[in-house]
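Everything in the sequence shown is counted per numbering that gives the first Met the number 0, starting at 0 for the first residue and increasing by one.
Every residue gets a Cβ at the ideal spot worked out from N, C-alpha and C, and that includes glycine.
These numbers were taken from a predicted model, which means no experiment stands behind them.
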Amino acid sequence: MPSVLDLFSQPEILNYLGNRQYPALLGETLFPEVKRDSLEFDQIKGAGMVPVIASVHAFDTEAEIDSREGSKQAMELALIKRKRQMKEKDIIALENPRTPAEQQYLMKQVYNDVDALTAGVRARVELMRMEAASNGTVTLNENGLNLTLDYKVPANHKQVLSGSDLWSDPDSDPITQLMDWYASMGTKPKRALTSAAALAGLLRNPKVIGALFGNNSARVATRTDLNAFMTQLELPTIATYEEVYRKQKADGTYEQLRYFPQNKFVMLPADPLGETIYGPTAEEIRLARNPQIDTSKVGNVLAMVYEEGKDPVSTWTKAVATALPSFPAADEVFQATVL
């Protein structure tokens, strides 16, 4: 009978991942994914899309010399990985199945592990993208790391509401706030992202209902109603993001968390904010030693099944990637805490 490593050879795993379509995440649109050959990259952040005006000259005079604006920030990709152990009973069952159907069933469970671990790596990347978009930072505070990457969103493009300005307060005036935020930006945003809770605060707000339907209206406002009004004011249209992930705590239990913070409202430009940059892993480099493995098939996330220990016998399924979002459009967003 074939061994576990024969059943789940690296070429088989690569073929599986190459044919597997995982659910799309919003961050892939805001930060399109690319693969690079290095762990380091330089983020060039300019002055947005607002032009620097040229000046009029007399004929036969030298042109005004332009200064290249922007700042360069060196960054290193984050290593993200997770593994799951194949128990000794599972190894025995896989290598000595009672029927071919049983072997296929057991193999499917291992491929389910590949999917779960790959999804876990993709979830960590999505969390980084949403944190960058909503806060302008990425926090890496796990497994001995304690690091915050600051993409340097301008201070005047951030606001934290409080008291009666919060959208949960019926005395707040969200439309005026939105117009003020929009007016403060050089590159005008075309879209906005928030949570269902923040959107509900908008739709229940008396001033918003009054602007949509007239004062003292009893009508129930919808996002379609609000976006039509936003378009009339040339303000960005609003979308919500409610996807969640689970995190395993130190005691082994799980907590459910959001990718996009519930209390945030972010104005965004029409174009992508940057890229999701994936890079090489040590595991990928090691695969290149084997001439039977086509490393061009290695995608953004690499998964594998491998043997490690003899006592107890241990076989592992692992997913790994190096990744980090770049955010050159950090000057072109407005990030507000509204709840």
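Can you give the beta carbon distance from residue i to residue j, rounded, assuming they're within the 8 Å contact cut?
{"i": "THR136", "j": "LEU126", "result": "Actually they do not touch by this definition, with Cβ atoms about 12 Å apart."}
{"i": "TYR277", "j": "LYS34", "result": "5 Å"}
{"i": "LEU272", "j": "ARG190", "result": "LEU272 to ARG190, Cβ: 11 Å. No contact."}
{"i": "TYR244", "j": "VAL113", "result": "The Cβ separation is near 18 Å, so there is no contact."}
Excluding sequence positions up to five away, which residues of its chain have a Cβ less than 8 Å from the Cβ of residue i?
{"i": "ILE79", "result": "VAL120, ARG123, VAL124, VAL319, ALA320, THR321 and ALA322"}
{"i": "THR230", "result": "THR236"}
Here's the rule: buried if 16 or more other CB atoms are within 10 angstroms of the residue's CB, otherwise exposed. What is residue i?
{"i": "LEU13", "result": "buried"}
{"i": "LYS263", "result": "buried"}
{"i": "PRO311", "result": "exposed"}
{"i": "GLU101", "result": "exposed"}
{"i": "ARG67", "result": "No answer about ARG67 holds up, because its pLDDT of 49 lies below 50 and its placement is not dependable."}
{"i": "GLU279", "result": "Looking at the sequence shown, residue 279 is not Glu but Pro. Classification of PRO279: buried, given that the 10 Å Cβ count is 16 or more."}
{"i": "VAL337", "result": "buried"}
{"i": "ALA182", "result": "exposed"}
{"i": "GLU39", "result": "exposed"}
{"i": "TYR104", "result": "exposed"}
{"i": "ASP330", "result": "buried"}
Near residue i, which residues of its chain fall below 6 Å by C-beta distance, leaving aside the five closest residues on each side in sequence?
{"i": "VAL300", "result": "THR117, VAL120, ALA318 and ALA320"}
{"i": "LEU286", "result": "ILE292 and THR294"}
Suppose you measure from the CA of residue i to the CA of residue j; what does that come to, to the nearest Å?
{"i": "THR223", "j": "LEU211", "result": "11 Å"}
{"i": "LEU6", "j": "VAL297", "result": "19 Å"}
{"i": "THR275", "j": "PHE326", "result": "9 Å"}
{"i": "ALA238", "j": "THR193", "result": "6 Å"}
{"i": "LEU198", "j": "SER163", "result": "17 Å"}
{"i": "LEU139", "j": "ALA217", "result": "47 Å"}
{"i": "LEU234", "j": "MET85", "result": "53 Å"}
{"i": "THR28", "j": "MET0", "result": "45 Å"}
{"i": "VAL219", "j": "THR314", "result": "57 Å"}
{"i": "THR98", "j": "TYR253", "result": "36 Å"}
{"i": "VAL109", "j": "ASN142", "result": "26 Å"}
{"i": "GLY328", "j": "ASP41", "result": "In the sequence on display, residue 328 carries Ala and not Gly. The straight-line gap from Cα to Cα measures roughly 14 Å."}
{"i": "LEU201", "j": "GLU11", "result": "50 Å"}
Cutting at 7 Å between CB atoms, please list the residues of its own chain near residue i, excluding the five before and the five after it.
{"i": "ASN134", "result": "GLN334"}
{"i": "ALA195", "result": "THR239 and GLU241"}
{"i": "MET129", "result": "GLY26, TYR258 and PHE259"}
{"i": "ILE174", "result": "LYS206, VAL207 and ALA210"}
How do the region 201-209 and the region 163-177 stand: do at least 3 beta-carbon pairs fall below 8 Å, yes or no?
-> yes
Determine, using beta-carbon pairs with one atom in the region 305-312 and one in the region 255-266, whether at least three such pairs fall under 8 Å.
-> no
So, do the region 140-154 and the region 79-93 have three or more beta carbon pairs nearer to each other than 8 Å?
-> no
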